[in-house]
Amino acid sequence: MRLTICAVGRARGSPAAEICQTYLQRLPWTVDIREVEVRKNLSGKKLAFAEAELLENALPDRATLIAMDETGKTLSSDSFAQRLGRWRDDGIADVAFVIGGANGLHPDLRDKANLVLSLGAMTWPHILARAMLMEQLYRAHTILTGHPYHRA
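In terms of this note's numbering, the sequence shown opens at residue 7 and continues consecutively.
Right, dumping it as structure tokens:
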């Protein structure tokens, strides 16, 4: 199973990018991080729409789409791991996660998702959401393989 994270904004050189890199190196799964940026001076809904177009264009064909959004469903780490494991076992080839920018995801893109997932009730900067998602992907791997990293 290939995983893709499509995210708004560049993370290079940030502490969050270092965290992502650490988990990328630990994961045995193929994870492709695709960053998009709107180069026009837009704001609000117009910016969210332009970001959604770029994110959608960055998605792998026929991927199971997970929209990371504060309005989404919250899952425990165990439930998240079981869902990933089920997709893997069902032969899902590509799972793509999308993380919007400061204005969140445009509703049109969010509505196309197979799952809208939240990292909790609090609002997180998109760069931290990316690092938190990477950690949860690694944690899911350790849960599925019985590694002691996850101690719950």
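Even for Gly, the Cβ is constructed at its ideal location relative to N, Cα and C. The structure presented is a predicted model; accordingly, all values stated were derived computationally and were not measured.
query: Where D67 falls: helix, strand or coil (DSSP); result: coil
query: DSSP three-state assignment for T151, whether helix, strand or coil; result: helix
query: Backbone CA spacing between G106 and R94 [nearest angstrom]; result: 25 Å
query: Where L53 falls: helix, strand or coil (DSSP); result: helix
query: Simplified DSSP assignment, three categories, for D95; result: helix
query: N- and C-terminal bounds of the beta strand (DSSP E) containing T167; result: Since the first residue shown for the chain is 7 and the last is 158, residue 167 is missing from the structure and cannot be characterised.
query: Close Cβ partners of L139 (< 8 Å) along its chain, the five nearest in sequence each way excluded; result: I11, M74, F103, I105 and L125
query: Cβ separation of H132 and G50, assumed to be a contact under 8 Å, to the nearest whole Å; result: Not confirmed; about 16 Å, so no contact.
query: Exposed unless 16 or more other CB atoms sit within 10 angstroms - verdict on G110; result: buried
query: Backbone CA spacing between L81 and G152 [nearest angstrom]; result: 19 Å
query: Cα-Cα separation between A135 and L123, rounded to whole angstroms; result: 11 Å
query: Inter-residue Cα distance where the pair is L61 and S85; result: 26 Å
query: Among H156, R157, D100 and G78, the one whose alpha carbon lies nearest that of T129; result: G78
query: S124 in three-state terms, based on DSSP; result: strand
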